[in-house]
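Notes follow once the structure below has been shown.
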Amino acid sequence: MQIRQLRHFLAAVDSGSMTLASMSQNITQPTLSRSIRTLEEDLGVDLFERGHRGVLPTRYGQLLATHARSILHGFDQAVADVGAMRAGGLGHVRIGIGSTATDPRVAHAVAQLAMSPDNITLAVDYDVPETQFARLRRGELDAIIDTMRPDLDTGDLNFKPVAHVSMVLVARAGHPILAQGEVQRRDLARWPWAIFNQPNAEVFYRGLLGLDEEQQNIRVRSSSPTMLRQLLLGGDLIGLMNRVEVEDFLADGRLCEVPTDMRRVETTLCVITRRRTYMSGALRIVIKALQMAL
4 MQIRQLRHFL AAVDSGSMTL ASMSQNITQP TLSRSIRTLE EDLGVDLFER GHRGVLPTRY
64 GQLLATHARS ILHGFDQAVA DVGAMRAGGL GHVRIGIGST ATDPRVAHAV AQLAMSPDNI
124 TLAVDYDVPE TQFARLRRGE LDAIIDTMRP DLDTGDLNFK PVAHVSMVLV ARAGHPILAQ
184 GEVQRRDLAR WPWAIFNQPN AEVFYRGLLG LDEEQQNIRV RSSSPTMLRQ LLLGGDLIGL
244 MNRVEVEDFL ADGRLCEVPT DMRRVETTLC VITRRRTYMS GALRIVIKAL QMAL
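Going by my numbering, the sequence shown opens with residue 4, and the numbers climb by one from there.
The following block contains the structure:
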């Protein structure tokens, strides 16, 4: 099995056509077909169902595609790291961030790393956790900075706690709920909520508010902390936010903490990496810097 064979194979998987795949790889169609046939002979299985309308991966092809993407991303990363080291640097690190996107400590740590004498280059990508975890498993990301997500852990990841994050219930200044004094937690369910878009949100909020089968009043969800904050500023909604993300807004009075007997909510911020994978010197430096910053 050769790297170029895997590239040819994935090109056919992604395009669904031997002709289009050969064009994307800048080779002739017979050359690409022969490369994939050789790969099939080496593995002893058919990787594609071939028809007049194109090709579809078999169950063997689907399995190989998952591993091939990881192999190619790792290979490309190794080539980039060697090139960076040859030029006097330690390499390139790809970091995924989720709800931590607006945490100034993360931005400060990344900025300091970018200017460090280690000459590390970084890519910082924001997306929803489900997408980030999938990319991490495929090798497209080296690490994720996000809150602990046991619902997305299947035992193949390392969660390294780096900070405790305090959550605060907030509403815009002038929200009618602020005139009520301390609000009992079960009464909070009457008010419209804006929440982070995450799995099992209803179960979490029902437990937080001490509800049984009553319906919680979740009106809007957002995977973006910036959008969630703007929603809370723009209407009579209430929501839980990372205190760091709303600190300035609490200080200038645009957002206010809602007095309630609801239990305090804290979560753990982690640096998440894959188990059983090579950790480059550049990634080790980045993780250490993030731990110190957070």
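We put the beta carbon where it would ideally sit given N, CA and C, even for glycine.
Extent of the continuous alpha helix (DSSP H) run through Ala114 = Residues Pro107 to Ala117.
Could you tell me if Arg279 is buried or exposed, where buried requires 16 or more neighbouring beta carbons within 10 angstroms of its beta carbon?
-> The Cβ neighbour count for Arg279, taken over all protein chains shown within 10 Å, is under 16; the residue is labelled exposed.
What are the boundary residues of the beta strand (DSSP E) that Ala197 is part of?
-> Segment Trp196 to Phe199, the beta strand (DSSP E) holding Ala197.
Going by the beta-carbon positions, is the gap between Gly99 and Ala285 smaller than 8 Å?
-> no
Between the Cα of Val268 and those of Met170, Ala254 and Arg224, spot the shortest distance and give me the residue it belongs to.
-> The option with the nearest alpha carbon to Val268 is Met170.
Measure the Cβ-Cβ separation of Thr61 and Glu52 and say whether it is below 8 Å.
-> yes
Mapping DSSP to helix, strand and coil, what is Leu144?
-> coil
Report the option in Gly142, Asn29, Leu172 and Glu205 whose CA atom is closest to the CA atom of Arg7.
-> Asn29
Distance CB(Ile198)-CB(Gly242) smaller than 8 Å | Contact: yes.
Candidates Val96, Pro132, Asp106 and Ile275: which alpha carbon is nearest Asp121's?
-> Val96
From Leu211 to Arg152, what distance separates their C-alpha atoms?
-> 17 Å
Limits of the alpha helix (DSSP H) - the one that Ala15 falls within | Ile6 to Ser18
Answer yes or no: do Leu298 and Ile147 have a C-beta to C-beta separation smaller than 8 Å?
-> No answer is possible for residue 298: it lies beyond the span of the chain, which begins at 4 and ends at 297.
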